[in-house]
Amino acid sequence: MLSRMTPSTACRSGAQLALGGVLFGLAVAFMAPSARAQVASADVNTALFVEPSTRSGLTVINPSATVAVKPSNWLTIQGGYEADIVSGASESVKGGRLSNVDIVTSATHFSDTRNAFTGGFTITRASTHLSGSYTYGTEHDYRSNAFAVSAGTDFFQKNTQIELSYGRGFDKVCTTAFTASDSPSTRLALDNSQGCFTNDEKRASRDISLDNFQVGWTQTWTPVFATQMVLSAALQNGFLGNPYRSVVIASAGDQALENHPENRARGAIGLRGKYYVRGLQTALSAGVRLYRDTWDIFGQTYELDAERYMLPWLRVLVRARYYTQTGALFWSDDYTGGEPATGPRGQYWSGDRELSPLSSYLVGARALATREGRPGQRVLGLFLSFSGAVSFDLLKTNLRDFTLGGRAPDDTLAMLWSLGLRGEF
Amino acid sequence: MKHLEMHVVAKALGFLLGASLLAASAGCATVRPEQRAMLADPTMQFDEKAADRAALEHALDNREGSTGGGSVRGGGCGCN
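Chains as they are written, first to last, in our numbering: chain A, 1 to 425; chain B, 426 to 505.
Encoded structure:
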């Protein structure tokens, strides 16, 4: 639920949990050689997402650690931990241009932590591999269980690679205790997560099922040119709104819990190409992604990046991205005004700006340094290889039809810093 | 309604035909192992440095209404 900026009154010490996870991952990694693993690797990453605003704002710290060991040539076992430590403030009521409600002072402070644990394996035989994983995620108002399997192989002297994957999620979200027979216009939003997943009769747990399918085709065409096509499909069923958000649905100021359809089918196709320009000693990449779903959102993404070695051990990547989407069929900035463009569009209402028409620009860069050891001479006396990466991205969003009581939000500029370390043993 | 269905079916068939032709042509593209020096380089891998990319996509997923169609692992190595 962190994606929906949920408030929580009982903030757990997320930083402690995150640190514990990272230390646990490192401990396992360092113990790996004594477990007679032939090869082991450890990845530790931290990302910081900041979206400043004078009224609301959002900060997310995302530490993660992954450990992989290879007890034999054909088997890899992985384990990982990830956290989202979220704090900030958000408006709990959405009203539009005509809403006579003070939206701005409804911003409430919140903090919460999502913890996710993953375990999995990969079996590799000749040109084929099979992977499986399980992830458990928990936060005050959300539980998730997800299984994923994937298989891949290559053909035509390894010039063609095919990868199929399927994931299934069984999630639960906490809401107020309304029943199916209650009219959506009478349902209330949560004001905090107290009592969630307990016997509290004012709380209810609602299921969300998620199915994800993906097919990837990677093709090398020449010694310096390769392409990749990825087809994705997803089915979602259950409570798909934000249990904390109310929407003003009548000119008198009446509010009701956000009401989204219970089913959503999503599809996307991504096409990417990579070309190595010998003269520039640079790998260029271009990609386009088209997306469509049954809520009538049509999204287009265009990406470019370039990466080259500045030194034998240091490479730098720069990237740019443009994204645009239409709004959901039932999206309206204001549900009180009668006919579109300032009125309801059907039986649903939403305050989610991700469902409004928008576009965004992203620019970023990453530097990655790698140090390779030699036989009998490990890096820092421990690693076969060691690498560190640091990246920065700037995201500017243009909300074309989203206001908070007629005022344009000012939290549309986001910054993302990322730091990653990887060691192989 | 029928016209719309025919339109969708025609689009799907066109896509399948195009994909089949492309897939068939893939068999003609032969890059020998000794020609893969550039393709094997990390800069030419799709989904290389996945953790860095995952953090970015995690942020974007929470700011945009679309998802999917991202990179999968793969690239030009296959040297062994």
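Beta carbons: idealized from backbone N, C-alpha and C, even for Gly.
All values reported here derive from a predicted model rather than from experimental measurement.
- At a Cβ-Cβ threshold of 8 Å, A/Arg114 and A/Phe147 do not count as neighbours.
- Looking at A/Trp313, A/Ala83, A/Gly273, A/Ser53, the one whose alpha-carbon comes closest to that of A/Ala306 is A/Gly273.
- For a Cβ distance threshold of 7 Å, residue set Ala484 of chain B lies close to A/Phe49, ordered along the chain.
- Put simply, the CB of B/Gly443 is far from chain A, with every gap to its CB atoms at 8 Å or more.
- About 37 Å separates the CB atoms of A/Pro357 and A/Arg308; that is not less than 8 Å, and the two are not in contact.
- Using beta-carbon distances, B/Ala435 does not count as an interface residue toward chain A, since no partner is under 8 Å.
- C-alpha of A/Leu311 to C-alpha of B/Glu473: approximately 19 Å in a straight line.
- Neighbourhood of A/Asp43 in chain B, by CB distance below 7 Å: Ala476, in chain order.
- The three-state reading of DSSP puts A/Gly253 in coil, since its state is none of H, G, I, E or B.
- Beta bridge pairing from DSSP links A/Trp417 with A/Leu48, A/Phe392.
- Closer than 9 Å at the C-beta level to chain B, one finds these residues of the segment 412 to 425 of chain A: Ala414, Leu416, Ser418, Gly420, Arg422.
- Cβ contact annotation for A/Leu384 (same chain, cutoff 7 Å, sequence separation greater than five): Gly373, Arg378, Glu424, Phe425, in chain order.
- For A/Ala408, no beta strand (DSSP E) segment is defined, and its DSSP state is neither H nor E.
- Residues of chain A with a Cβ closer than 7 Å to the Cβ of B/Leu481 are, in chain order, Asp393, Leu416.
- Leaving aside the five residues that flank A/Thr227 on each side, the residues in its chain whose CB is nearer than 6 Å to its CB run, in chain order, Gln219, Gly273.
- Within chain A, the residues placing a beta-carbon under 9 Å from that of B/Gly493 are Asn212, Gln214, Val230, Leu231, Ser232, Ala233, Ala234, Arg266, Gly267, Ala268, Ile269, Gly270, Arg289, Tyr291, ordered along the chain.
- Here the alpha carbons of A/Ile269 and A/Phe298 stand approximately 12 Å from one another.
- Residue environment for A/Glu354: buried (at least 16 other C-beta atoms within 10 angstroms of its C-beta).
- Taking 8 Å as the threshold, the shortest C-beta distance from B/Leu464 to chain A falls below it.
- For A/Tyr275, same chain residues with a beta-carbon under 7 Å away, outside a window of 5 residues either side, are Val224, Phe225, Leu284 in chain order.
- Counting only residues of its own chain and dropping the five nearest sequence neighbours on each side, A/Thr59 has a CB closer than 8 Å to the CB of Leu48, Phe49, Val50, Glu51, Val86, Ser87, Gly88.
- DSSP places A/His140 outside both helix and strand once states are collapsed to three, so it counts as coil.
- Residues of chain B whose Cβ lies closer than 9 Å to the Cβ of A/Thr128 do not exist; the shortest such Cβ separation is about 12 Å.
- At a cut-off of 8 Å, the C-beta of B/Gly439 has no neighbouring C-beta in chain A.
- Per DSSP, A/Asp296 is not a residue of any beta strand (DSSP E), being assigned neither H nor E.
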